[in-house]
Amino acid sequence: DTGVSQDPRHKITKRGQNVTFRCDPISEHNRLYWYRQTLGQGPEFLTYFQNEAQLEKSRLLSDRFSAERPKGSFSTLEIQRTEQGDSAMYLCASSLTGVRYEQYFGPGTRLTVT
Amino acid sequence: AQSVTQLGSHVSVSEGALVLLRCNYSSSVPPYLFWYVQYPNQGLQLLLKYTTGATLVKGINGFEAEFKKSETSFHLTKPSAHMSDAAEYFCAVSERGNQGGKLIFGQGTELSVKP
Chain A
559 DTGVSQDPRH
569 KITKRGQNVT
579 FRCDPISEHN
589 RLYWYRQTLG
599 QGPEFLTYFQ
609 NEAQLEKSRL
619 LSDRFSAERP
629 KGSFSTLEIQ
639 RTEQGDSAMY
649 LCASSLTGVR
659 YEQYFGPGTR
669 LTVT
Chain B
-11 AQSVTQLGSH
-1 VSVSEGALVL
9 LRCNYSSSVP
19 PYLFWYVQYP
29 NQGLQLLLKY
39 TTGATLVKGI
49 NGFEAEFKKS
59 ETSFHLTKPS
69 AHMSDAAEYF
79 CAVSERGNQG
89 GKLIFGQGTE
99 LSVKP
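In order, the protein sequence lines correspond to chains A and B. Count along the first sequence from 1, add 558, and you get the number used in this note's numbering. Heads up: the second sequence at position 11 corresponds to -1 in this note's numbering, and the numbers run straight through without jumps.
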């Protein structure tokens, strides 16, 4: 069990550019979640998948945001036409339904939009 | 809609003193309850959870929390603070019946430990 991994750990981009983040969950976990955390705040839910199906999206997730989990394993989160307000830590978590409900978090990707 | 309130954005204690971090939730049905800890520039680590059964739950690093339905609370305690406990602590809830689902977090409480 290697834990949840995220790549990259840090990303600096210019306003208007597109960025993509990757999350690799714990291998046997069927659920994968994305959260966004701004400085001094608790994480806010963005979206989650069960296997490859995207089951819920927050209304925080504008049309510029898209997430995929094509084979039910890793997931990508893409932000198009980044804005300065997108600067945040993007956290990924995974969990296993059926017995245990806790989510295990990755180290996060810190995005800075200049 | 579910919500979580953590009273006190900053708590400071002396090393060896009791730690008490407060969490209250708002939900029509008691949710699943969690406490997570976050060290600077890191992800969140689960301290403990309550889903069913005994209302006093013990977690890692000597922390425990008690679910009190009548008070809609899930306060986190530790009898004796250690310098290494300095971090940000988040209380979170998820909907009962959806095998968890999304977490709703409180604003967080930053714990400082003075020598």
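Note that beta-carbon positions come from the ideal geometry of N, C-alpha and C, so glycine has one too. Just so we're clear, the structure is a prediction, and the values are computed from it rather than from any experiment.
Spatial neighbours of residue i in its chain, beta-carbon cut-off 8 Å, leaving aside the 5 residues before and after
{"i": "residue 569/A", "result": "577, 579, 667, 668, 669, 670"}
{"i": "residue 80/B", "result": "-8, 21, 22, 23, 24, 91, 92, 93, 94"}
Per DSSP, cross-strand counterpart(s) of residue i
{"i": "residue 612/A", "result": "607/A"}
{"i": "residue 56/B", "result": "61/B"}
{"i": "residue 565/A", "result": "580/A"}
{"i": "residue 46/B", "result": "52/B"}
{"i": "residue 632/A", "result": "For residue 632/A, which the question treats as bridged, DSSP gives no partner whatsoever."}
{"i": "residue 102/B", "result": "2/B"}
Alpha-carbon spacing of residue i relative to residue j, whole angstroms
{"i": "residue 660/A", "j": "residue 639/A", "result": "33 Å"}
{"i": "residue 575/A", "j": "residue 590/A", "result": "26 Å"}
{"i": "residue 76/B", "j": "residue 648/A", "result": "17 Å"}
{"i": "residue 599/A", "j": "residue 621/A", "result": "23 Å"}
{"i": "residue 631/A", "j": "residue 610/A", "result": "8 Å"}
{"i": "residue 82/B", "j": "residue 560/A", "result": "25 Å"}
{"i": "residue 654/A", "j": "residue 586/A", "result": "7 Å"}
{"i": "residue 47/B", "j": "residue 6/B", "result": "16 Å"}
{"i": "residue 66/B", "j": "residue 99/B", "result": "12 Å"}
{"i": "residue 16/B", "j": "residue 78/B", "result": "21 Å"}
{"i": "residue 45/B", "j": "residue 573/A", "result": "46 Å"}
{"i": "residue 52/B", "j": "residue -4/B", "result": "19 Å"}
{"i": "residue -10/B", "j": "residue 19/B", "result": "9 Å"}
{"i": "residue 30/B", "j": "residue 563/A", "result": "12 Å"}
{"i": "residue 637/A", "j": "residue 49/B", "result": "37 Å"}
Nonlocal neighbours in the same chain, by C-beta distance under 6 Å from residue i, ignoring five residues either side
{"i": "residue 95/B", "result": "-6"}
{"i": "residue 634/A", "result": "578, 580, 626"}
Buried versus exposed call for residue i [16 or more other C-beta atoms within 10 Å across all chains shown]
{"i": "residue 629/A", "result": "exposed"}
{"i": "residue 642/A", "result": "exposed"}
{"i": "residue 8/B", "result": "exposed"}
{"i": "residue 103/B", "result": "exposed"}
Residues near residue i by beta carbon distance below 7 Å, same chain, minus five either side
{"i": "residue 566/A", "result": "667"}
{"i": "residue 646/A", "result": "594, 595, 596, 669"}
Under 9 Å, CB to CB, which of the residues in the region 20 to 32 of chain B have a partner in chain A? 20, 22, 24, 26, 29, 30, 31, 32
What are the residues in the region 629 to 650 of chain A lying within 8 Å of chain B by C-beta distance? Here the close residues are 649.
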